[in-house]
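A short write-up of the structure that comes next.
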Amino acid sequence: MSFSKGPSLVATLIFMGLGSLCPRIYANHVFLVSVINYHISTTTPFYLRWLQSCSLFHSTISNGPPPLGTLHALSVKNGSLQTLNSANYLLTLYVKSSNMDHARKLFDEIPQRNTQTWTILISGFSRAGSSEVVFKLFREMRAKGACPNQYTLSSVFKCCSLDINLQLGKGVHAWMLRNGIDADVVLGNSILDLYLKCKVFEYAERVFELMNEGDVVSWNIMISAYLRAGDVEKSLDMFRRLPYKDVVSWNTIVDGLMQFGYERQALEQLYCMVECGTEFSVVTFSIALILSSSLSLVELGRQLHGMVLKFGFCRDGFIRSSLVEMYCKCGRMDNASIVLKDVPLDFLKNGNAGVTCKELKAGIVSWGLMVSGYVWNGKYEDGLKTFRLMVRELVVVDIRTVTTIISACANAGILEFGRHVHAYNHKIGHRIDAYVGSSLIDMYSKSGSLDDAWTIFRQTNEPNIVFWTSMISGCALHGQGKQAICLFEEMLNQGIIPNEVTFLGVLNACCHAGLLEEGCRYFRMMKDAYCINPGVEHCTSMVDLYGRAGHLTETKNFIFENGISHLTSVWKSFLSSCRLHKNVEMGKWVSEMLLQVAPSDPGAYVLLSNMCASNHRWDEAARVRSLMHQRGIKKQPGQSWIQLKDQIHTFIMGDRSHPQDEEIYSYLDILIGRLKEIGYSFDVKLVMQDVEEEQGEVLISHHSEKLAVVFGIINTANRTPIRIIKNLRICTDCHNFIKYASQLLDREIILRDIHRFHHFKHGGCSCGDYW
DNA sequence: ATAGGGTTAG
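Take a look at the structure:
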């Protein structure tokens, strides 16, 4: 449109209530403020209408309001604040643009306040989650004699349920009943939500009955509450009985099923939703995308992406972050980065006025997911590069994103990257909460630096079960059984209730330290005192515990008593124990069981042939390997990783592609010679076996961990600890080799294998040769 | 004005 007719035309149009023009108004706010300024002195009603249309249409505008400060000053100048309507509209504008500081100041300037004035401010603070302020204002409001309405009350209840403040909520509810204030459905729902968030189901069910079962929202609140409480059956039952299901009902049930690991059922419900003709919302898409990634259904993900584009949801930041996550989790980093192209860092740069708070947050999440995605997919350098870029361009990466990245580093065991993120978290001034703390502990312990994990644990001290469990599991990983038990007891003394994961950590700790008696005691404690049904992991751990201790008959009984004879891991562990205790008879029987259960598991064959070989039964060992060959089962190649500065170096058994290849192999030969002088010798049995297996191509001396150790020695200063990660269990010969190397070179070598850590120092290993 | 989307341990 043209402004050729001058300010009065625009003013008139607005005056006529053409609120749809408002978005354009903001774009030209400097111009418009002058228009307003011109009219303000003559037509106060016009000013009022203008403020009103701004408030009404504010939610559709992404670029934020016009300079509120100017409007505010104008209101003061022309005395509009005296008019309660004007003042309330201006207050609404501040609240809607999340300008709560200014809202508060304006509120104090308003001479007469009515219920609405109080309510606008209270609901604003309620939306911002400032419960304390809400409670204080609510008290003041009543003291001043203003009567709260349904809006005020529901904001207060919302804060109570946010804070799980049952006492206050109940008080307000009682006050309502005393004063004969009836609740409408909406208010009833917020009361319902409060009681459910506080887990007082009897109250909630009573409220639900008194509301005559309310509306869809009430049902949705009930369904999600039962899901949160873990009662999937009850929530599914309510969901089925719900006559009219809206988008949120479907979203709730799909998400809930997914959370509880019923991914297939979640997908089924999603299809039902389509059949019922319920239109997807942005939330549905977001849930569906995560679902397709956890089911590894890239195709479904791509279809959803197509629908997102068709529906025009691709401008939603949340959707974009879900798309990035989906592609990252499906290993499609190229697709993820295409989506991320729509979220350039320039847009997210601090102080860019054109970006809303929501978009900014979602954009940072997307970038953080991209960093984690690189790490999940083993592309550590890309991950670090992206993280550096983010840090350089942005001012603040939020704490949740930091948590995600640290957790990704933990699982990859990349210590230096993890340290960077930790340092960043500190620099930016985020405190270490239970989430960051747990992931840091996990990261440090999985990267081999248990000392750092302890430092975090002692400095932070969160009374949070995940936090404690991380430390206990860390001790377990490093074979510190006694320490883990002490921690566990200390935790119980502090009144923290252990869960199934905690017990798994404790059992594993007992297992890795050979503490049979303690392990049995905690297993009983878990069942009897905490009513936790042992899961397959707990049972596997017990099998390991009995077996390692040489109680093979008990192991066998335990397996059948606990109905875990269908599990590969159980028989594998049992077989290792038979080998350890040289019980060939039992071993043969166990191998038969193992091959029945897992005919296509390469590990089963390797273990079996190893057992035969170590008992000099070469024929049988050869038979097992040829069987493996016939069945077309390939052994997983051994791989080791070591990080040097910002780079991760990968070594594969016998691989010669590394740039420093010549140097590594020649030093390896020299080192082996020198180690032999101090007592090291090849484990002949394994040499024979490996030579046969790999047809003489690869010698045991070229196992990936040996290459990684040598690489580390060549490239780091004397006495620097060397940290290595390996994808399989370390073999006896390598274990021996590294022990001698740690003695000869006076180096600490820390190796993480698939089960646990080995700290080699002065010729010994922390596992006590028991792994 | 009420419900729903992403953080930690196995």
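In terms of the UniProt record's numbering, the first sequence opens at residue 1 and continues consecutively. In this text, a Cβ means the ideal position worked out from N, Cα and C, and glycines have one as well.
{"Check": "Go ahead and pull the three-state DSSP assignment for Cys314.", "Outcome": "helix"}
{"Check": "Count the C-beta pairs between the stretch 721 to 740 and the stretch 633 to 640 that are closer than 8 Å, then say yes if the count reaches three, no if not.", "Outcome": "yes"}
{"Check": "Report yes or no: do the stretch 396 to 405 and the stretch 366 to 375 share at least 3 C-beta pairs separated by less than 8 Å?", "Outcome": "yes"}
{"Check": "What is the rounded straight-line gap between the Cα of Glu517 and the Cα of Leu507?", "Outcome": "11 Å"}
{"Check": "Roughly how many angstroms separate the alpha carbons of Lys635 and Val248, rounded to a whole number?", "Outcome": "48 Å"}
{"Check": "At a cut of 8 Å, does the stretch 657 to 672 reach the stretch 612 to 631 through at least three beta carbon pairs?", "Outcome": "no"}
{"Check": "In whole angstroms, what separates the C-alpha of Ile670 from that of Phe737?", "Outcome": "13 Å"}
{"Check": "How far does the beta strand (DSSP E) with Ile725 in it reach, from first residue to last?", "Outcome": "Ile722 to Lys726"}
{"Check": "Kindly list the residues whose CB is nearer than 6 Å to the CB of Gly712, restricted to its own chain and excluding five residues on each side of it in sequence; keep chain order.", "Outcome": "Ile642 and Ile722"}
{"Check": "Alpha carbon to alpha carbon, what distance is there between Asp601 and Leu575?", "Outcome": "14 Å"}
{"Check": "Whole-angstrom Cβ separation of Arg729 and His755, contact assumed at under 8 Å?", "Outcome": "6 Å"}
{"Check": "Going by C-alpha distance, which of Leu745, Gln112 and Val466 is nearest Lys144?", "Outcome": "Gln112"}
{"Check": "Leaving aside the five residues before and after Glu141 along the sequence, list all residues of the same chain whose C-beta is less than 6 Å from its C-beta, in chain order.", "Outcome": "As written in the sequence, residue 141 is Met, which differs from the Glu given in the question. Only Trp118 meet the Cβ criterion."}
{"Check": "Which stretch, first to last residue, makes up the beta strand (DSSP E) that contains Lys761?", "Outcome": "Phe757 to Lys761"}
{"Check": "With a threshold of 8 Å, are at least 3 pairs of Cβ atoms found where one atom belongs to the stretch 541 to 558 and the other to the stretch 495 to 514?", "Outcome": "yes"}
{"Check": "Measuring only the C-alpha atoms, how far is Asp769 from Gln259?", "Outcome": "40 Å"}
{"Check": "If you scan the stretch 193 to 267 from start to end, which runs of the alpha helix (DSSP H) of 4 or more residues do you find wholly inside it?", "Outcome": "201 to 210, 216 to 228, 232 to 241 and 247 to 259"}
{"Check": "How would you write the range of the beta strand (DSSP E) that Phe574 sits in, first residue to last?", "Outcome": "Careful: Phe574 lies outside any beta strand (DSSP E), inside the alpha helix (DSSP H) at Thr568 to Leu580."}
{"Check": "Let me check understanding here. Comparing Cα to Cα, which of Ser614, Trp618 and Ala741 lies closest to Glu677?", "Outcome": "Ala741"}
{"Check": "Could you tell me which whole alpha helix (DSSP H) segments of length 4 or greater appear in the stretch 409 to 472?", "Outcome": "415 to 427, 434 to 446 and 450 to 460"}
{"Check": "Taking all protein chains shown into account, decide if Cys767 is buried (16 or more other Cβ within 10 angstroms of its Cβ) or exposed.", "Outcome": "buried"}
{"Check": "Does the distance from the C-beta atom of Val355 to that of Val339 stay below 7 Å?", "Outcome": "no"}
{"Check": "Please report the straight-line C-alpha distance between Arg320 and Cys314, rounded to a whole angstrom.", "Outcome": "6 Å"}
{"Check": "So, is His616 buried or exposed, given that buried needs 16 or more other C-beta atoms within 10 angstroms?", "Outcome": "exposed"}
{"Check": "So, at 7 Å on beta carbons, what are the nonlocal neighbours of Cys475 in its own chain, with the 5 sequence-adjacent residues on each side left out?", "Outcome": "Gln483, Ala484, Leu487 and Ala509"}
{"Check": "Taking the alpha carbon of Arg127 as the point to measure from, which residue in Phe107, Ser97, Leu106 and Lys105 has its own alpha carbon closest?", "Outcome": "Ser97"}
{"Check": "My output table needs one value for Trp771: the three-state DSSP class, helix, strand or coil.", "Outcome": "coil"}
{"Check": "What do you reckon, are the CB atoms on Phe318 and Ala362 nearer than 7 Å?", "Outcome": "yes"}
{"Check": "Please give the ranges of any beta strand (DSSP E) in the stretch 73 to 135, keeping only runs that are unbroken, at least 3 residues long and fully inside the region.", "Outcome": "none"}
{"Check": "Excluding the five sequence neighbours on either side, which residues of its own chain have a C-beta within less than 6 Å of the C-beta of Lys556, listed in chain order?", "Outcome": "none"}
{"Check": "Determine the direct distance from the alpha carbon of Ser569 to that of Leu360, and round the result to whole angstroms.", "Outcome": "45 Å"}
{"Check": "If you follow the beta strand (DSSP E) that His649 is in, where does it begin and where does it stop?", "Outcome": "Gln647 to Ile652"}
{"Check": "On the three-state DSSP scale, how would you describe Cys531?", "Outcome": "coil"}
{"Check": "In this structure, what does DSSP give as the bridge partners for Gln639?", "Outcome": "Ile652"}
{"Check": "Taking Arg302 as the reference, give the member of Thr284, Val282 and Tyr327 with the closest Cα.", "Outcome": "Tyr327"}
{"Check": "On the three-state DSSP scale, how would you describe Arg752?", "Outcome": "strand"}
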